[in-house]
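Going line by line, the protein sequences match chains A and B. Going by UniProt numbering, the residue at position 16 of the first sequence is 16; the numbering climbs one at a time, nothing skipped. Going by UniProt numbering, the residue at position 225 of the second sequence is 225; the numbering climbs one at a time, nothing skipped.
There are 2 protein chains.
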Amino acid sequence: MSPETVQGAASPVLRAAAAATAAAPKAVHVIHVKPAQERPPERPQERAQKRPAIARCSGCSMRGVCMPADLTASQLAQLDSIICATRPVQRGDALYRTNDEFESIYAVRLGSFKTVVMHRDGREQVTGFQIAGEALGLDGICTDRHNGDAIALEDSVVCVIPFAQLEAVCREIRSMQHHVHQIMSGEIVRESSLMLLLGTMTAEQRVAAFLLNLSKRFKALGYSAAEFNLRMTREEIGCYLGMKLETVSRMFSRFQRERLIDTRGKQIRIVDPERLAKV
Amino acid sequence: MSPETVQGAASPVLRAAAAATAAAPKAVHVIHVKPAQERPPERPQERAQKRPAIARCSGCSMRGVCMPADLTASQLAQLDSIICATRPVQRGDALYRTNDEFESIYAVRLGSFKTVVMHRDGREQVTGFQIAGEALGLDGICTDRHNGDAIALEDSVVCVIPFAQLEAVCREIRSMQHHVHQIMSGEIVRESSLMLLLGTMTAEQRVAAFLLNLSKRFKALGYSAAEFNLRMTREEIGCYLGMKLETVSRMFSRFQRERLIDTRGKQIRIVDPERLAKV
DNA sequence: CGTCAGTTTGACGGTCGTCAAACTATGTGG
DNA sequence: CCACATAGTTTGACGACCGTCAAACTGACG
């Protein structure tokens, strides 16, 4: 287990361990920043299902991230028949919320999300940030209802994967079955490392681990490992790392002073990853 | 690393995820509490290897915990042919360790375990305590190697479930497939709540939550929810809850003073669960 | 240009970690 | 069987880290 895997390596909807794919980084990037008009809190219900677009895995640039490598053409065709919809989610909107009925899991196609669990008394914990190629919704399988919220951090698009149909495919295609198991196991391992972080690290170490983990994942997608934009606020980062937003800000400032990073607002440049890893 | 696996009694793993399943708590009861009560630690030696009890899922008293409910007789027979081994693990010994090759998952048949992940610098985090009916080893699926250690807290017995064979069964028996998925998802959800605990709760709240959670699980197995023995040390509890052993001890003492619990060493009696839950 | 969400920085205090010592339980060996 | 050794637990004193509160600053957007 590596420390820097705070977030766990790609935990995609079917992540490829190899992450090799330098798949379509470009496209994603662009959209990324473009802000949207948003209404943060909101009750999106009907909008949810709007405009499902057709998407096929066989032609998807992120296939390497989501799928096992050894599928035959006919197996791919079989997948295409099942994973046939994408769904746009506007910034601030929920892909699903706690207690929503579970039907599908999702792969982030474009954009990014946070997943949040909350206690009745109002305390919240961000359990993860998901970027392109990563999976969402696995929390719903065990009770047939989602156990937390998934909120878009920017205008995003997900692939919708009806779970019952995915299970059917997994009964037929062995490599697909194993791949799905690997993804779920990967999520378990990712969360374990987060627990290690939350249970044993200082605020300084947590922030460093967070930045390095993000960096690693961007790199795996073909982006720069050194320079990227944070899509989440200081408060969301704090909520993820188990600390207050002021503390997050102080750590950023400290790293800045020590020339470990270079930051202006949400823009981050990692100047000295080695020393950052040692804090 | 561990003594030969003994053949025999087997009862699967695959604990009912949400535990919700009020499945067959009664039956399990009989097996477990009895022996455990009086002799916490113990020195078993040769005992390990002997006694190749024959047991099968079909006759296992914990079947309700491990299996989907609607299996036919022939499906059960199919399982019996696969999950045919149990393995004793002595107190303090590892069922598996980080980096061990992954082959099987396990169901705790008897006794209890802790799972631990660690950072190279020595920091450790206990990610869970597993008691009868609960699953172990799911962390190994994603990389084919285990991602942490599983250590017996007392002399214990697990059912060994070769994962490749389990996958084969899941390709044939739909309810079994879904059950396995539910167990993995349940583990993801369990870890999420632990992250909530680690990220947002005070030491006092964590200890209270820990005791109530244990209580609930014992109760689900048919034991007393009010009175039980802790199998782990204060240090292990602290390592699980993200605090030092002295703090754990102080919280126990505080709860004792406030008449919320009654404790002497590892013996715990929950006196006022309602107020404990409100801490 | 004004508003507002988000960020930064400072001052202060509480919670919990650290260190230390005494106490208890469990297991060992004489 | 007792005495000792060791592991585990409890309690106290003290201080550091980080949370809280507050104020000023920045940038985005209407």
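Idealized CB from N, CA, C, for every residue including glycine.
Beta carbon proximity, residue i to chain B, threshold 8 Å
i                      : result
A:Q125                 : yes
A:H179                 : no
A:I237                 : no
A:S175                 : no
A:R171                 : yes
A:Q182                 : yes
A:L211                 : no
A:D139                 : yes
A:V271                 : no
A:V117                 : yes
A:L276                 : no
A:L153                 : no
A:G92                  : no
A:L198                 : yes
residue 284 of chain A : Residue 284 of chain A lies beyond the range of chain A shown here (1 to 279); nothing can be said about it.
A:I82                  : no
Cutoff 8 Å: residue i Cβ touching any chain A Cβ
i      : result
B:L260 : no
B:S192 : yes
B:T233 : no
B:G64  : no
B:V207 : no
B:F72  : Inspection of the sequence shows that residue 72 of chain B is occupied by Thr rather than by Phe. Judged by the 8 Å Cβ criterion, B:T72 is not in contact with chain A.
B:N147 : yes
B:G59  : no
B:M195 : yes
B:S185 : yes
B:I161 : no
B:T86  : no
Start and end residues, beta strand (DSSP E) containing residue i
i                      : result
B:G128                 : E124 to I131
B:V89                  : A85 to V89
residue 366 of chain B : Not covered by the structure: residue 366 of chain B. The range shown for chain B is 1 to 279.
A:V117                 : F113 to M118
A:R63                  : Run containing A:R63: none in the beta strand (DSSP E); it sits in the alpha helix (DSSP H), R63 to C66.
B:T263                 : I261 to R264
B:D149                 : D149 to A152
B:E269                 : It is Arg, not Glu, that sits at residue 269 of chain B in the sequence shown. Here the beta strand (DSSP E) through B:R269 covers Q267 to I270.
Exposure of residue i, with buried meaning 16 or more beta-carbon neighbours within 10 Å
i      : result
B:R120 : exposed
B:S215 : buried
A:G242 : buried
B:G92  : exposed
B:K278 : exposed
A:T86  : buried
A:E274 : exposed
B:E191 : buried
A:E172 : exposed
A:N229 : exposed
B:S74  : exposed
A:S104 : buried
A:R109 : buried
A:R217 : buried
B:R231 : buried
B:R259 : exposed
A:S185 : buried
B:T127 : buried
A:G59  : exposed
Span of the alpha helix (DSSP H), counted from its first residue to its last, around residue i
i      : result
B:D80  : A73 to D80
A:S253 : L245 to R257
B:R171 : F163 to E172
A:E94  : One point to set straight first is that residue 94 of chain A is Ala, not Glu, in the sequence displayed. Element bounds for A:A94: not the alpha helix (DSSP H) but the beta strand (DSSP E), A94 to Y96.
B:A277 : P273 to K278
Three CB pairs or more closer than 8 Å across the stretch 131-148 of chain B and the stretch 90-102 of chain B
These segments touch.
Are the stretch 170-190 of chain A and the stretch 155-174 of chain B touching, with three or more C-beta to C-beta distances below 8 Å?
Put simply, the stretch 170-190 of chain A touches the stretch 155-174 of chain B. At least three CB pairs are less than 8 Å apart.
Assess, as a yes-or-no matter, whether the stretch 180-199 of chain B is touched by the stretch 119-134 of chain A under the definition of 3 or more beta carbon pairs within less than 8 Å.
Touching, yes, given that three or more Cβ pairs across the two stretches are closer than 8 Å.
Would you call the stretch 124-140 of chain B and the stretch 70-85 of chain B in contact, with 3 or more CB pairs under 8 Å?
With a cut-off of 8 Å on Cβ pairs, the stretch 124-140 of chain B is not in contact with the stretch 70-85 of chain B, counting fewer than three such pairs.
Taking 8 Å as the cut-off, does the stretch 237-251 of chain A touch the stretch 259-272 of chain A (at least 3 CB pairs, one atom from each stretch)? Contact between the stretch 259-272 of chain A and the stretch 237-251 of chain A is absent: fewer than three C-beta pairs spanning the two stretches fall below 8 Å.
Query raised in the report: Residue ranges of each beta strand (DSSP E) run of no fewer than 3 residues wholly in the stretch 185-254 of chain A, ordered along the chain?
Result: The beta strand (DSSP E) runs of length 3 or more contained entirely in the stretch 185-254 of chain A are, from start to end of the chain, 227-229.
task: Tell me, please, whether the stretch 110-120 of chain B touches the stretch 66-75 of chain B by the rule of three or more beta-carbon pairs shorter than 8 Å.
output: The stretch 110-120 of chain B is not in contact with the stretch 66-75 of chain B.
Would the stretch 251-264 of chain A and the stretch 202-222 of chain A be scored as touching if the rule is three or more Cβ pairs under 8 Å? The answer is yes - the stretch 202-222 of chain A touches the stretch 251-264 of chain A, with three or more Cβ pairs under 8 Å.
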